[in-house]
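Those protein sequence lines, which keep their order, are chains A and B.
Numbering of the first sequence is given in my numbering, commencing with residue 21 and proceeding in unit increments.
Numbering of the second sequence is given in my numbering, commencing with residue 1394 and proceeding in unit increments.
These notes concern the structure reproduced below.
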Amino acid sequence: MGILVDRNTRVLIQGITGREGSFHTKLMLEYGTKIVAGVTPGKGGQEVHGIPVYDTVKEAVEHSGHIDASVVFVPSRFARDAVLEAIDNGIKVVVVITEGISVHDEIAMVNHAKHNGTIMIGPNTPGVLTAGEAKLGIMPAHVFKTGYIGIISRSGTLTYEIARELGKKDYGVSTVVGMGGDPVIGMNYIELYEHFVRDPETKALIIIGEIGGDAEERFAKYYVETGREKPVVAYIAGRTAPPGKRMGHAGAIISMGLGDYKSKREALEKAGIPVADKPSDVPRLLSEIL
Amino acid sequence: MKLYEFEAKKIVRDHGIPVPDGMLARNIDEAVEAAKKIGVPVVLKSQVLVGRRGLAGGIRIAETLEDVAREAENLFNTRIRGEEVKYLLIEKKIDFERELYLSLAIDRTARKYVFLASPLGGVEIEELVKQHPDKLLKLYIDPATGYSPYMSRTTAKFLGLPKEMWKDLHNIMNSMYKLMIGLDAELVEFNPLAVTRKGLIALDAKIRIDDNSLYRHPELQDKALRELSPREQVAKKYGFSYVELDGNIGIICNGAGLTMATMDLVAYYGGKPANFLDIGGGATRERVKEAAKLILTHERVKVVLINIFGGITRCDEVARGVIEAVEETGTHKPIVVRMLGTNEEEGKRILEEYGYKVFSEADEAVRKAVELARR
Chain A
21 MGILVDRNTR VLIQGITGRE GSFHTKLMLE YGTKIVAGVT PGKGGQEVHG IPVYDTVKEA
81 VEHSGHIDAS VVFVPSRFAR DAVLEAIDNG IKVVVVITEG ISVHDEIAMV NHAKHNGTIM
141 IGPNTPGVLT AGEAKLGIMP AHVFKTGYIG IISRSGTLTY EIARELGKKD YGVSTVVGMG
201 GDPVIGMNYI ELYEHFVRDP ETKALIIIGE IGGDAEERFA KYYVETGREK PVVAYIAGRT
261 APPGKRMGHA GAIISMGLGD YKSKREALEK AGIPVADKPS DVPRLLSEIL
Chain B
1394 MKLYEFEAKK IVRDHGIPVP DGMLARNIDE AVEAAKKIGV PVVLKSQVLV GRRGLAGGIR
1454 IAETLEDVAR EAENLFNTRI RGEEVKYLLI EKKIDFEREL YLSLAIDRTA RKYVFLASPL
1514 GGVEIEELVK QHPDKLLKLY IDPATGYSPY MSRTTAKFLG LPKEMWKDLH NIMNSMYKLM
1574 IGLDAELVEF NPLAVTRKGL IALDAKIRID DNSLYRHPEL QDKALRELSP REQVAKKYGF
1634 SYVELDGNIG IICNGAGLTM ATMDLVAYYG GKPANFLDIG GGATRERVKE AAKLILTHER
1694 VKVVLINIFG GITRCDEVAR GVIEAVEETG THKPIVVRML GTNEEEGKRI LEEYGYKVFS
1754 EADEAVRKAV ELARR
């Protein structure tokens, strides 16, 4: 179970012949992900780790029967084109790993996905992992034990750090979703929380946020309005970040009067969501609400 | 990246949006010469990239040419929030009836473009959002369909503009949208947009370009470096992210979230971070070396704290990069390391050989670094 992807999800890798695409295809296969095809324009006819490569998504879909999801490793300048190609060929889940995409391209991609009923994760995400079933992305699989905690995160390595802390106390995960570190992303906390609420295997959620934007504040409001359906614990990074500076992620910036730590923490706590002072406190807060 | 006001105004004027007559001055003589041509009274505006320059005294009005010379001298000798004034924009002083706020921005929540308008011109957007949300109109634009003229009529009504100005506002908003898309801007802001007897005129213009789109604008790429400090320029060159802070514990991590969490942890245990430094995913030994050199040679840094959670980043590459940096700089500053993940054992071995203690828990490493910084 879990959300978005499982062991039956048939996966396409866009940019499969590139360094990252090829390397992570191997790791995803080792995890058990059902990768059925890859696409790199001009490289059709090759194979990568036994997976057939096509020139276009259309050919990949035609030859592989059916494709449920795509993982995009295409370089930032060509990512918009690749994502639109996936959406227009009817793929319903598109996970965009690529970092550094133009925000204008992101706006075009996200809106096109919405208009076509496609779930787009990222860009600038470590991907999605349903424990023991499928990994669509670049997360180091060994830090995630199988269990009943869902994770929604804006950060990669911080997710691994917190997953490891959870593992030390024997908490495993159902599905882990990296939302992406860019200002404009396909799915936010609210939309992903909705999926987790419907998943019987997820008993509680962890939200890993950071400064920038107001996604955490909006989620807090939504969480209360919808009756706090599942328990949530949060950690927010960037308490010491100065305003007006981009902290690594394009989206991690306090600007236009939005996005500071205090506002996020207060909104979450007011909604009844405990906020951990540090990553190693997350398991304790979780044990207190379960 | 930000554009200077004079650069933004040139673009804006080329798009048919009215701005005051103005000339750029690099010294006092040029300022006086410009004022002569334009005709006093004039406004002298320091050209800096930091915000809120008006409040910092960066804008002066001069009624006579003597005033121009005196105020120009003052401005050239002032630092505006730490930034040197290299240029003044000398502009005709405009009499206006009222000031408005108008911008086109990206709304990350709606994931669309948004026009922001307010009758409270001259107030910063931060304050409008927080203090006067009822005085702020937001009109979202779907990228698939773009700008449509009704948006200007809705805005004109909200701002209380007379019917004669509706066409002007339409022209301005239409041009703003074209400019935003054509230039890959993330913000086009007129604050204030003034209402005069002759019509609307943008007294100030701010344009910010999306850094990730700069490859499409080679003419702007060099300009992107000028707002960076020397250390930030090194970071950009080698492909890692660096932000200067004011503490004495230098931080090197992988991943933006983990780096911020490490800064926060330092503060939690009573220390002060000197910087944010994210070496990025899969950093090579070379990149780590340059990053470590930057921190090791920073005069304010007393202790270096390295926190790595290796996935695509390999601990041994990090360890080798750090050791090379230590050897090249010959520094004896204490280095505290926390290292976990891919090739962790090899990374630890390399560092321990050089006498550095490697922790597996972030909390322990941070506490140690804070303790060392206190000595």
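The C-beta atom is built at its ideal place from N, Cα and C for all residues, glycine as well.
Legend entry - A1427/B Cβ short of 8 angstroms to the ligand NAD heavy atom set: Absent from the structure shown: the ligand NAD. Ligands present: none.
Legend entry - Inter-residue spacing [alpha-carbon to alpha-carbon] between I1743/B and A1755/B: The sequence position of residue 1743/B within the second sequence is 350, counting from 1. The sequence position of residue 1755/B within the second sequence is 362, counting from 1. Between I1743/B and A1755/B, the C-alpha separation is close to 19 angstroms.
Legend entry - Through-space distance from K112/A to G157/A, alpha-carbon basis: The sequence position of residue 157/A within the first sequence is 137, counting from 1. The sequence position of residue 112/A within the first sequence is 92, counting from 1. So the alpha carbons of these two residues sit roughly 16 angstroms apart.
Legend entry - Simplified DSSP assignment, three categories, for L1613/B: Sequence index remark: in the second sequence, residue 1613/B carries index 220 (1-based). L1613/B falls in the helix class under three-state DSSP.
Legend entry - Near-chain A residues of the segment 1655-1669 of chain B - C-beta to any C-beta below 8 angstroms: Within the segment 1655-1669 of chain B, the residues whose Cβ lies closer than 8 angstroms to some Cβ of chain A are M1656, D1657, L1658, V1659, A1660, Y1661, P1666, F1669, listed in chain order.
Inset, instruction - From the DSSP output, in three-state form, read off L1529/B for me. - result: As a working note, residue 1529/B is residue 136 in the second sequence. Residue state for L1529/B is assigned as coil, using DSSP reduced to three classes.
Inset, instruction - List the whole-angstrom C-beta distance separating A1667/B from V1694/B, where the pair is believed to meet the contact cut-off of C-beta under 8 angstroms. - result: If you number the second sequence from 1, residue 1667/B lands on position 274. If you number the second sequence from 1, residue 1694/B lands on position 301. Contact annotation, A1667/B with V1694/B: C-beta distance approximately 5 angstroms; criterion of less than 8 angstroms satisfied.
Legend entry - Nearest-angstrom Cβ-Cβ length linking P203/A and V252/A, presumed shorter than 8 angstroms: Residue 203/A sits at position 183 when you count from the first residue of the first sequence. Residue 252/A sits at position 232 when you count from the first residue of the first sequence. Going by Cβ atoms, the distance from P203/A to V252/A rounds to 23 angstroms, so no, they are not a contact pair.
Inset, instruction - Identify which residue in L1687/B, L1658/B, D1422/B, V1681/B has its Cα closest to the Cα of E1637/B. - result: To locate residue 1637/B, count along the second sequence from 1; it is residue 244. Closest option to E1637/B, Cα to Cα, is L1687/B.
Legend entry - Beta-carbon contacts of G1409/B that lie in its chain and below 6 angstroms, excluding the five residues immediately before and after: In the second sequence, counting from the first residue as 1, residue 1409/B sits at position 16. Exclusion of the five residues before and after G1409/B leaves S1568 as the residues of its chain whose Cβ lies within less than 6 angstroms of its Cβ.
Legend entry - Neighbour list for R259/A in chain B, Cβ cutoff strictly below 7 angstroms: The residue given as residue 259/A occupies position 239 in the first sequence. Simply D1657, A1660.
Inset, instruction - Report yes if the CB atom of G1758/B is closer than 9 angstroms to the CB atom of G1714/B, and no otherwise. - result: Taking the first residue of the second sequence as position 1, residue 1758/B is located at position 365. Taking the first residue of the second sequence as position 1, residue 1714/B is located at position 321. Reading the sequence as shown, one finds Ala at residue 1758/B and not Gly. Between A1758/B and G1714/B, the C-beta spacing is not below 9 angstroms.
Legend entry - Strand pairing of T37/A, partner residues [DSSP]: Numbered from its first residue, the first sequence carries residue 37/A at position 17. In the DSSP output, where bridge partners are listed per residue, T37/A has none listed.
Inset, instruction - For T1538/B, count neighbouring C-beta atoms within 10 Å of its own C-beta (all shown protein chains included) and say buried if the count is 16 or more, exposed if not. - result: Within the second sequence, residue 1538/B is the residue found at index 145, counting from 1. That one is exposed.
Inset, instruction - Kindly indicate which residue of Y1749/B, E1710/B, K1438/B has the alpha-carbon position closest to the one of I1728/B. - result: For this step, residue 1728/B is matched to residue 335 along the second sequence. The residue with the shortest Cα to Cα distance from I1728/B is Y1749/B.
Legend entry - Start-to-end residues for the beta strand (DSSP E) that takes in T1589/B: For the purposes of this step, residue 1589/B is taken as the residue at position 196 of the second sequence. Counting along the chain, the beta strand (DSSP E) containing T1589/B begins and ends at 1578-1589.
Inset, instruction - May I ask you to verify whether the segment 159-172 of chain A touches the segment 181-197 of chain A, counting CB pairs closer than 8 angstroms and requiring at least 3? - result: Contact between the segment 159-172 of chain A and the segment 181-197 of chain A is present: three or more C-beta pairs spanning the two stretches fall below 8 angstroms.
Inset, instruction - Taking only beta carbons into account, state which residues of the segment 1582-1613 of chain B come closer than 7 angstroms to chain A, listed in chain order. - result: Residues D1603, N1605, S1606, Y1608.
Legend entry - Rounded C-alpha distance that separates K1682/B from A1718/B: Within the second sequence, the letter at position 289 stands for residue 1682/B. Within the second sequence, the letter at position 325 stands for residue 1718/B. The straight-line gap from Cα to Cα measures roughly 5 angstroms.
Inset, instruction - Could you please give me the residues that DSSP links to P220/A through a beta bridge? - result: One-based indexing of the first sequence puts residue 220/A at position 200. Paired residues: none, contrary to the question.
Legend entry - Beta-carbon proximity of G34/A to V68/A, cut-off 9 angstroms: By one-based count along the first sequence, residue 34/A stands at place 14. By one-based count along the first sequence, residue 68/A stands at place 48. The displayed chain sequence assigns Gln, not Gly, to residue 34/A. Not a contact, by the Cβ cut-off of 9 angstroms.
Legend entry - Rounded distance between the beta-carbons of E1519/B and M21/A, thought under 8 angstroms: Taking the first residue of the first sequence as 1, we reach residue 21/A at position 1. Taking the first residue of the second sequence as 1, we reach residue 1519/B at position 126. In fact, because the Cβ distance is near 44 angstroms, the residues do not count as touching under 8 angstroms.
Legend entry - DSSP-derived helix/strand/coil call for S1496/B: Counting from one through the second sequence, the residue named residue 1496/B turns up at place 103. Strand.
Inset, instruction - List the residues of chain A whose Cβ lies closer than 8 angstroms to the Cβ of S1568/B, in chain order. - result: If you number the second sequence from 1, residue 1568/B lands on position 175. In chain order: nothing, as chain A lies at least about 17 angstroms away.
Inset, instruction - With a threshold of 16 other CB atoms inside 10 Å of the CB of R1768/B, please say whether the residue is buried or exposed. - result: Start at 1 with the first residue of the second sequence, and residue 1768/B comes out as number 375. Classification for R1768/B: exposed.
Inset, instruction - In the DSSP assignment, find the unbroken alpha helix (DSSP H) run with L1552/B in it and report its ends. - result: Walking along the second sequence from the start, residue 1552/B turns up at place 159. It spans 1543-1552 - the alpha helix (DSSP H) in which L1552/B sits, taken as one unbroken run.
Legend entry - Exposure of D190/A, with buried meaning 16 or more beta-carbon neighbours within 10 Å: Sequence index remark: in the first sequence, residue 190/A carries index 170 (1-based). It is exposed - the Cβ of D190/A has fewer than 16 other Cβ atoms within 10 Å.
Inset, instruction - Out of A1685/B, W1559/B, E1679/B, state which residue places its alpha-carbon closest to the alpha-carbon of G1643/B. - result: Start at 1 with the first residue of the second sequence, and residue 1643/B comes out as number 250. Measuring from the Cα of G1643/B, the nearest candidate turns out to be A1685/B.
Legend entry - G1451/B and I1473/B closer than 9 angstroms at C-beta: Here residue 1451/B refers to the residue found at position 58 when the second sequence is read from its first residue. Here residue 1473/B refers to the residue found at position 80 when the second sequence is read from its first residue. I1473/B is positioned such that its CB atom lies closer than 9 angstroms to that of G1451/B.
Legend entry - Any C-beta of chain B under 9 angstroms from that of H235/A: Mapped onto the first sequence, residue 235/A falls at position 215. Going by the sequence as given, residue 235/A is Ala instead of His. Cβ-Cβ to chain B under 9 angstroms: yes for A235/A.
Legend entry - Per DSSP, the bridge partner or partners of F1669/B: Here the question's residue 1669/B lines up with position 276 in the second sequence. The partner list for F1669/B (beta bridge, DSSP) reads V1636/B.
Legend entry - Interface partners of T118/A on chain B, CB under 9 angstroms: Residue 118/A sits at position 98 when you count from the first residue of the first sequence. Result: empty, since nearest Cβ-Cβ is about 11 angstroms, beyond 9 angstroms.
Legend entry - Close Cβ partners of G258/A (< 7 angstroms) along its chain, the five nearest in sequence each way excluded: For the purposes of this step, residue 258/A is taken as residue 238 along the first sequence, with counting starting at 1. For G258/A, where only same-chain residues beyond five positions count, the Cβ hits under 7 angstroms are E230, I231, M267, A272, Y281.
Legend entry - Local Cβ density within 10 Å of T1548/B, reported as buried at 16 or more and exposed below that: Working through the second sequence from its first residue, we reach residue 1548/B at position 155. Here T1548/B is buried, its C-beta having at least 16 other C-beta atoms within 10 Å.
Inset, instruction - For Y180/A, return the contacting residues in chain B, with the cut-off set at a CB-CB distance below 7 angstroms. - result: Walking along the first sequence from the start, residue 180/A turns up at place 160. Close to Y180/A, with beta-carbon spacing below 7 angstroms, are these residues of chain B in chain order: F1702, G1704.
Legend entry - F1508/B - containing beta strand (DSSP E), residue span: Numbered from 1 along the second sequence, position 115 holds the residue referred to as residue 1508/B. Per DSSP, F1508/B belongs to the beta strand (DSSP E) from 1505-1511.
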